[in-house]
Each structure stands twice: as C-alpha cells, then as structure tokens.
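Sequence positions in the sequence shown follow this note's numbering and run 189 to 454. Ideal Cβ positions, reconstructed from N, Cα and C, are used throughout, including at glycine. Some notes on the structure that comes next.
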Amino acid sequence: MSEHIVTRNPGEIAKLRRAGEVSARILMEVASYVKPGVTTAEIDAFAAEVFAREKCGNAFHGYGGYPGHLCISVNEVVVHGIGDERVVHDGDIVSLDAGAVVDGWYGDNALTVPVGKVNEQALRLLAVTEEALYRGIEQAKQGNNLVDVCGAIEDFVKPFGFGIVREYVGHGVGRHLHEDPSVPNYRPHHRLPHLRRGMILAIEPMITLGTYRVKVLPDHWTAVTADGSWAAHFEHTVAVGSHSGEILTERPRMALPAQLGITLNS
Ligand code: MF3
Ligand code: CO
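Structural data, given as structure tokens:
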C-alpha cells in the first residue's frame, strides 16, 4: 500500500522546512491584512506582493489553471475561493490557503481568521477545526497507519455535530503540491498505508456548521457548502516523526478556546 509514498531524509526535510517557514510567514502576513471593508481581490493582490517580496515560487498560481495567488474562502465558501469584488464584513470568517515553493520544495498551509466580532457558533467552528488538525498531526508518527490520522480527526469532530467535508482531502506534498497519499478527514472504506518516518503530509480538515456536502460554482473552483452553512479550514505541512507529526509550517495557534471560554470537550 505504501510503495508510491516517498520518504524524505533529514536534509530534504530541512529544505521542506524552509519552504514551510516561508509559506507560514506569507499566510500570517496575509491574515493580518484581512479586515472589514477589504475585497478578496485586494487580499489576493496583497498576497502577490508578499510572494514577490519573499522571492519564492507560488504553489497555487497557475496550478491546474488556478488564477489566484492564494485561496480566499469567505463564510459558506469551503475552499478554492478566488479573489473578486466580494467585500469582507465584520463578523465574517475568512479561510486563507497559501503555498510557497523554495528551491523546488513545496509548503502548503491554511487557516481561518475571524473578522471583527464573530458569533460564538462560528468561533466554536474555528476552534474545533484547528484542534482537529492538531489531533491528526499528533497521530502522524511511525508505526501508525494513516487511518489513525484520519480517524483522530473524525472522532474529534463528530460529537460536535459538524459536517466533515469528504469531497476535498489532504495529500502528500514535497517536490509537487499534490503527491501520494490522499489524507481524508474521516475513515475511508478502503485500506490506507502504514506511516514511515519522513513521509510528508498536508493535513487539512475542512469542517462546516451544517452539511458535509459541497458544490462547485460555475468558475470551476469555488467550493461552497450545499446548504450555505459556514465552513472552516486549517492546514499544516507535516513530516511523519517518531512520536508525533513534525510541523514544517509552524505558526502560533489561535488559542480561541481559552480566550473565549469555549470548551472543546464534546
Ligand atoms: N491546499 C489546497 C490543496 O491542497 C490548495 C490548492 S489550491 C490550487 O488542494 F489552486 F492550487 F489548486
Ligand atoms: Co493542501
């Protein structure tokens, strides 16, 4: 099952970490630019400037014809939102997904930011989705099966009653944006590979306040929830380690649960 999945040696992982650090820096800088009144096109243009300043490649721009510099997905948009005239408002949640290429090595990461005063249900969605990502990362260790990562995410999210998107999944990453294996955020029916040290995974739960079903808009990219409910998306690039996944796109956690007295115990 794992014969197509490459493992990376420490020297290669160091290069992936550089790409990951740049990816994380770009993501955080763009996140701090998001405020009420900006359009998503302005966010995309700002991201283009940040990529240029970092002098790195852009993993998404032109990928399969994707026109944006990063994905900007507001409220009911789950993933792959493209910058346009949509204005970000106070109370919105905005998912940002960015990937940098450094010396041919790829980083991929995402987060959802609350804009201004966001309702408690949406904040809970963000906190649960971020925590689900970390629950998955914890299981990305040698000796485990990939299903341990997928199952940890599913088991954590399920009791909250939120929708776990199935149409889009995480993936291997390294010399390309998308490599084997697929990393679902639920236990799939088929068998999954065993994990070996040095496998590189982009783990990216996409969770909704309603249905798990999505539909793609006529632009062929923008994926929205079928019922219009809001969605969150958190992603890290991770190296399978000996005791846990090693995050290559390190950034501070949002710490929402503590700040807001939200309990993550389901
Ligand atoms: N993190 C997303 C993914 O892995 C972003 C891809 S956007 C694309 O699919 F434009 F590059 F497809
Ligand atoms: Co990804």
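Original post:
When burial is assigned at 16 or more other CB atoms within 10 Å of the CB, is proline 440 buried or exposed?
Top reply: In summary, proline 440 is exposed, with fewer than 16 beta-carbon neighbours lying within 10 Å of its beta-carbon over all protein chains present.
Subject >> Option in Ile395, Val303, Cys338 with minimal Cα separation from alanine 219 >> reply: When only C-alpha atoms are compared, the closest one is Val303.
Original post:
Which one of Ala286, Val402, Ala390, Asn263 has the shortest CA to CA distance from valine 275?
Top reply: Of the candidates Ala286, Val402, Ala390, Asn263, the one whose C-alpha sits nearest the C-alpha of valine 275 is Asn263.
Subject >> Inter-residue spacing [alpha-carbon to alpha-carbon] between glutamate 434 and leucine 314 >> reply: As the crow flies, the alpha-carbon of glutamate 434 is around 22 Å from that of leucine 314.
**OP:** With distances taken Cα to Cα, identify the nearest neighbour of valine 357 among His382, His378, Pro393, Ile341.
**Re:** The shortest C-alpha to C-alpha distance from valine 357 to any of His382, His378, Pro393, Ile341 is the one to Pro393.
Subject >> Inter-residue spacing [alpha-carbon to alpha-carbon] between histidine 364 and histidine 192 >> reply: Each residue's alpha carbon lies about 14 Å from the other.
**OP:** Please report the residue range of the alpha helix (DSSP H) in which serine 261 lies.
**Re:** Counting along the chain, serine 261 falls outside any alpha helix (DSSP H), though it belongs to the beta strand (DSSP E) covering 259 to 262.
**OP:** Would you mind reading off the limits of the alpha helix (DSSP H) that contains alanine 168?
**Re:** One cannot answer for residue 168 here, as it falls past the ends of the chain, which runs 189 to 454.
**OP:** Starting from the N-terminal side, write out each stretch of the beta strand (DSSP E) that is 3 residues or longer and does not extend beyond the segment 379 to 453.
**Re:** With a minimum length of 3 residues, the unbroken runs of beta strand (DSSP E) contained wholly in the segment 379 to 453 fall at 388 to 391, 394 to 396, 402 to 404, 411 to 413, 419 to 421, 424 to 428, 433 to 435.
Subject >> Collapsed DSSP secondary structure at leucine 204 in the structure displayed >> reply: Note: leucine 204 maps to helix in three-state DSSP.
Original post:
In whole angstroms, what is the alpha-carbon distance linking glycine 269 and phenylalanine 422?
Top reply: About 15 Å.
**OP:** Buried or exposed for serine 261, please, with buried defined as at least 16 other CB atoms from any protein chain shown within 10 angstroms of its CB.
**Re:** Serine 261 should be labelled buried.
Original post:
So what does leucine 299 bridge to, in DSSP terms?
Top reply: Paired residue(s): Leu284.
Subject >> valine 337 (DSSP reduced to helix, strand or coil) >> reply: It is helical.
Original post:
Does the beta-carbon of arginine 312 have 16 or more other beta-carbons within 10 angstroms, so that it is buried, or is it exposed?
Top reply: Around the beta carbon of arginine 312, 16 or more other beta carbons lie within 10 angstroms, which makes this residue buried.
Original post:
In chain order, what residues of the same chain have a beta carbon less than 7 Å from the beta carbon of tyrosine 400, not counting five sequence neighbours either side?
Top reply: For tyrosine 400, where only same-chain residues beyond five positions count, the Cβ hits under 7 Å are Gly351, Ile352, Val353, Arg354.
Original post:
When you compare only the Cα positions, how much space is there between asparagine 246 and alanine 298?
Top reply: Straight-line spacing of the CA atoms in asparagine 246 and alanine 298 works out to 14 Å.
**OP:** Could you spell out the range, first to last residue, of the beta strand (DSSP E) harbouring valine 265?
**Re:** Residues 265 to 267.
**OP:** Answer with buried or exposed for proline 198, where buried requires no fewer than 16 other C-beta atoms within 10 angstroms of its C-beta.
**Re:** Label assigned to proline 198: exposed.
**OP:** Just the C-alpha distance for valine 412 and cysteine 259, rounded to the nearest angstrom, thanks.
**Re:** Spanning the two alpha carbons is a distance of roughly 13 Å.
Original post:
Is phenylalanine 248 near the ligand MF3, in the sense that its beta carbon is under 8 Å from a heavy atom of that ligand?
Top reply: Yes, the beta carbon of phenylalanine 248 sits closer than 8 Å to at least one heavy atom of the ligand MF3.
Subject >> For glutamate 237, the first and last residue of its enclosing alpha helix (DSSP H) >> reply: For glutamate 237, the uninterrupted alpha helix (DSSP H) run begins and ends at 228 to 242, by DSSP.
**OP:** Return yes when the Cβ of valine 222 is within less than 9 Å of the Cβ of valine 461, no when it is not.
**Re:** Any property of residue 461 remains undetermined from this structure, which presents the chain solely from 189 to 454.
Original post:
What three-state label does DSSP hand serine 190 in the structure shown?
Top reply: Here the model assigns serine 190 a pLDDT of 48, short of 50, so the residue's position is not dependable and the matter cannot be decided.
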